[in-house]
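S.K.:
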Amino acid sequence: MLEKDIQEVLITKEEILAKSAELGKQLTEDYAGKNPLVIGILKGAVPFMADIVREIDTYLEMDFMDVSSYGNATISSGEVKILKDLDTNVKGRDILIVEDIIDSGRTLSYLVDLFKYRQANSVKIVTLLDKPEGRVVEIEADYVAFNVPNEFVVGYGLDYAEAYRNLPYVGVLKPEVYQSN
Ligand code: PRP
Ligand code: MN
Ligand code: MG
1 MLEKDIQEVL ITKEEILAKS AELGKQLTED YAGKNPLVIG ILKGAVPFMA
51 DIVREIDTYL EMDFMDVSSY GNATISSGEV KILKDLDTNV KGRDILIVED
101 IIDSGRTLSY LVDLFKYRQA NSVKIVTLLD KPEGRVVEIE ADYVAFNVPN
151 EFVVGYGLDY AEAYRNLPYV GVLKPEVYQS N
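The numbering of the sequence shown is full-length UniProt numbering, which starts it at 1 and goes up by one.
1. Look up Thr127 in the DSSP assignment and say whether it is helix, strand or coil.
2. Taking Glu79 as the reference, which of Ser68, Ile16, Asp142, Asn89 has the closest Cα?
3. Do Leu111 and Met65 come within 9 Å of each other at the CB atom, strictly closer than that value?
4. Write down every uninterrupted run of the beta strand (DSSP E) in the UniProt domain "Phosphoribosyltransferase" (14-160) whose length is 3 residues or greater and which is fully enclosed by it, in chain order.
5. Give the secondary structure of Leu10 by DSSP, where H, G and I count as helix, E and B as strand, and everything else as coil.
6. Pop quiz: Tyr156 and Val177 are said to be a contact at Cβ under 8 Å. What is the actual Cβ separation, rounded to whole angstroms?
7. Quick check: the Cα distance between Glu55 and Gly24, rounded to an integer number of angstroms?
8. Within the same chain, show all residues whose beta-carbon is closer than 6 Å to that of Ala120, passing over the 5 residues directly before and after it, in chain order.
9. For Leu60 and Gly33, what's the separation of their Cα atoms in angstroms?
10. Assign residue 192 to one of three DSSP states: helix, strand, or coil.
11. When the distance is taken between beta carbons, is Ala163 closer than 9 Å to Val154?
12. Is Ala163 helix, strand or coil when you go by DSSP?
13. If Ile41 sits next to Thr107, beta carbons under 8 Å apart, how far is it from one beta carbon to the other, in whole angstroms?
14. Would you call Lys84 buried or exposed, if buried means 16 or more other Cβ atoms sit within 10 Å of its Cβ?
15. Give the range of the alpha helix (DSSP H) segment to which Tyr178 is assigned.
16. So, at 8 Å on beta carbons, what are the nonlocal neighbours of Ile82 in its own chain, with the 5 sequence-adjacent residues on each side left out?
17. Taking Ile39 and Ile97 to be in contact with their CB atoms under 8 Å, please state how far apart those CB atoms are, rounded to whole angstroms.
Written as structure tokens, this is what we have:
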């Protein structure tokens, strides 16, 4: 039913699962013995978070944070509001942030600074998607599953007006869907 709103499938579930397994192997090596705190950024990161942690074969802890960008395009430093903070003290911890997409970079730039300010031992990023053309703030993920072009992508956690997060693939939304609103 949702498929009628999708112009093109960019990344299938099979491709995402295969890439998650590959990244998971690398993360297992990189975080062995470190008991990392894996932080999913609500809500977009939820499906990818579930995939990636199941591919990491070492002790780890999970936590979640919800932030919202003020959406002020003139603020390039990443002005972000905390809607739900962590339950965990990050001081001295090795942090792995899990995101669905890096676009402008504002969300992650803010979070990396915040966790460093809170004296995390290390802060790294794993993201399902990277949209380099959207970047306003300079930031790079340490682990990227896929690059996407500068188009309106939804699915696998990514929403348009809160819909489409449950699509089991990443696709491009038909322009008429967002133009009719
Ligand atoms: C989206 C996405 C990333 C962020 C990326 O989240 O899930 O977290 O925006 O954009 P940026 O690089 O320009 O900051 P959003 O704030 O829409 O919340 P959501 O995850 O609940 O959809
Ligand atoms: Mn998000
Ligand atoms: Mg969103």
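Quick reminder that beta carbons are idealized off the backbone N, C-alpha and C, glycines included.
Note that this is a predicted model, so its numbers are computed, not measured.
M.R.: So, to answer that:
1. strand
2. Ser68
3. yes
4. 37-42, 61-69, 80-84, 94-102, 122-130, 143-147
5. strand
6. Between Val177 and Tyr156 the Cβ distance is about 17 Å, and since that is not below 8 Å, they are no contact.
7. 5 Å
8. Val90, Arg93, Ile95
9. 9 Å
10. With the chain covering only 1 through 181, there is no way to say anything about residue 192.
11. yes
12. strand
13. 7 Å
14. exposed
15. 175-179
16. Met65, Asp66, Val67
17. 5 Å
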